[in-house]
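Please read the structure below before turning to the comments.
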Ligand code: COA
Ligand code: AMP
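Below is the structure:
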């Protein structure tokens, strides 16, 4: 426990009892150009905003501040890429040189404060440099995960209208080279908005063809650029917009502002992860996700740590010992990834033979998030690594953990299946359908009493009404997380899964609603439901149930192949949409609502209660028969 802090209970209570004093004190720990004049305000829409009047630059905090304060020669970023057999290290000074020049290059392409820049790149250092270069200029970056198909990229291009799209000739998936540039060209063809420039990093594995006047070579642009200083920004200026799946085909643009974010990042490193300046911290995620933004780039750098950017997979790059090799080689103190990655390792190396080859003495804790950490995986991991395994809960919306074991304050006993207790600033409440707090052991909606602490989304990009309607309107005065869960008598919180049409496939957040839109676009389909069923490796995977149009005849496997292709081409291979079942009808309530939850429970072999409002209970047996016939779902042996 930190000597200045009495206990988690006191610290947490202080954060809720007097949030202004609490966050003002935390804000004083970062180097503002001008300290905020107001700690918490509400804007004309009634949305909370932190640190009005504050002036800062996130890139300055992440790089220049350390160069000026004794860390210039410390390694800031290690690029470890088993797929290209490279390890490169960048000190804070080298990072400053790269990022300042890249900011100059973006500026030469017309990027100014407030402009958007899309980053569609594999896990290469240039992707992180671009994020930081945008932050330096006050441009708003929007990273698009490399596994998304052109259609998804096109949606984001139209919504952000970027001045520049920064991309690369290719990514590498295990041993397969995935050309990115054709996907980018196709996305721009599909988008209504045409970005004036694309900045393309040519990798040696494949050379992208360049479009005259629009496409610019990354290295050449860098050579011609002069270093650029950090712009002075308002705390309320947006740092980035990151799209995440909602319940419809239109993703939500989560906005992150500069001031609240910087304070939250620093706070979380100290009090959640127990990481000090100079420590080595590694989040094995992708820059396309919130974890990558917060815990590969911003938080470790703001805290003056060494961060690792990993281009590879937990297995087969080259083997299930990759994680352990990196932890040993770079003396990682805290490691963070998704449970699915450990399930993949456990499958290939159940007795952890690879681990025996490495010295893991630097490792103090492992954090997992992105999905619930199933107790068998948690226990296996604890057994083989002998360090605390800490499940913690957060969302793209929050940008940092909302429920965790705050190991920098007080280490609680881990209870498998629970993400432990609410983090300071998050007043987590479990509400029933009417919005009343539920007693312990009763499952309900996981909500956060407003205001959310600094760092959480202030709104959605260009869409205040959707922010209000998606998160704030169901229970006035509360943020609706979209997850269900409960607390136990000790105040531990258990997150049990989404209560909406969002699923988590291998740590990737996806919308079944969006998949339904594509499945329904097939000419043979009258109506459909896509349901996330349990998957041993990926946590969940989507399965489509389809009702054919009258008089249409098509074999189930032909339809399945066609629908798999559509979803793969429109959303991306990451959706892992592999199965379609033709059924005569879908189970519905009398008012026509499809009973997706019951369908999932049948597939997963869970007990379920038949809703009193069901139109025709016999349909549930038909669903079970269809699953049984194809042996799909845990309830049917798979
Ligand atoms: N670019 C292009 N394609 C990608 C991609 C990317 N960045 N990421 C995934 N894909 C593709 C895969 O190649 C695969 O394609 P295929 O169907 O042609 O084989 C498909 O999307 C499905 O990918 P995935 O579900 O990830 O399966 P996998 O077998 O490739 O890998 C795991 C399985 C468990 C190793 C992998 O999902 C993993 O490492 N998960 C951890 C995720 C994570 O860290 N999430 C961050 C949250 S903290
Ligand atoms: P994302 O926005 O992609 O980070 O996904 C957020 C969602 O992932 C949450 O709403 C949860 O459904 C799920 N999730 C993240 N972390 C956890 C966790 N530790 N336990 C359970 N679910 C989690």
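Numbering (this note's numbering), first residue to last: 1379 to 2016. We treat Cβ as the ideally placed atom computed from N, Cα and C, and that holds for glycine. Given the structure is predicted, the values throughout are model-derived calculations rather than measurements.
Under 8 angstroms between C-beta atoms of residue i and residue j
i, j, result
"residue 1545", "residue 1584", "no"
"residue 1600", "residue 1517", "no"
"residue 1531", "residue 1542", "no"
"residue 1907", "residue 1932", "no"
"residue 1642", "residue 1833", "yes"
"residue 1540", "residue 1502", "no"
"residue 1386", "residue 1788", "yes"
"residue 1981", "residue 2015", "no"
"residue 1504", "residue 1596", "yes"
"residue 1486", "residue 1586", "no"
"residue 1619", "residue 1633", "yes"
"residue 1499", "residue 1524", "yes"
"residue 1706", "residue 1746", "no"
"residue 1837", "residue 1425", "yes"
"residue 1481", "residue 1468", "no"
"residue 1958", "residue 1926", "no"
"residue 1795", "residue 1831", "no"
"residue 1919", "residue 1976", "no"
"residue 1704", "residue 1710", "yes"
"residue 1866", "residue 1819", "yes"
"residue 1948", "residue 1529", "yes"
Cα-Cα separation between residue i and residue j, rounded to whole angstroms
i, j, result
"residue 1786", "residue 1391", "16 angstroms"
"residue 1510", "residue 1570", "28 angstroms"
"residue 1946", "residue 1737", "41 angstroms"
"residue 1856", "residue 1828", "5 angstroms"
"residue 1835", "residue 1568", "29 angstroms"
"residue 1477", "residue 1605", "8 angstroms"
"residue 1773", "residue 1473", "29 angstroms"
"residue 1890", "residue 1506", "30 angstroms"
"residue 1798", "residue 1626", "31 angstroms"
"residue 1983", "residue 1917", "15 angstroms"
"residue 1512", "residue 1644", "20 angstroms"
"residue 1433", "residue 1414", "7 angstroms"
"residue 1410", "residue 1431", "11 angstroms"
"residue 1897", "residue 1955", "10 angstroms"
"residue 1749", "residue 1435", "32 angstroms"
"residue 1992", "residue 2005", "20 angstroms"
"residue 1961", "residue 1802", "48 angstroms"
"residue 1698", "residue 1881", "26 angstroms"
"residue 1672", "residue 1935", "42 angstroms"
"residue 1559", "residue 1665", "18 angstroms"
Closer than 7 angstroms: residue i CB and nearest ligand 1 heavy atom
i, result
"residue 1551", "yes"
"residue 1459", "no"
"residue 1581", "no"
"residue 1664", "yes"
"residue 1880", "no"
"residue 1703", "no"
"residue 1542", "no"
"residue 1523", "yes"
"residue 1620", "no"
"residue 1691", "yes"
Residue i CB to nearest heavy atom of ligand 2 below 7 angstroms
i, result
"residue 1639", "no"
"residue 1873", "yes"
"residue 1772", "yes"
"residue 1652", "no"
"residue 1697", "no"
"residue 1604", "no"
"residue 1668", "yes"
"residue 1825", "no"
"residue 1892", "no"
"residue 1813", "no"
Cross-strand partners of residue i (DSSP beta bridge)
i, result
"residue 1875", "1862"
"residue 1436", "None; residue 1436 has no bridge partner."
"residue 1990", "In the DSSP output, where bridge partners are listed per residue, residue 1990 has none listed."
"residue 1467", "1456"
"residue 1629", "In DSSP, residue 1629 forms no bridge with anything."
"residue 1957", "1921"
"residue 1889", "1880"
"residue 1972", "1966"
"residue 1926", "1903"
"residue 1519", "1495 and 1618"
"residue 1743", "1712"
Cβ-heavy atom distance, residue i to ligand 3, below 7 angstroms
i, result
"residue 1936", "Inclusion of ligand 3 in the displayed structure is not the case, the ligand content consisting of ligand 1 and ligand 2 alone."
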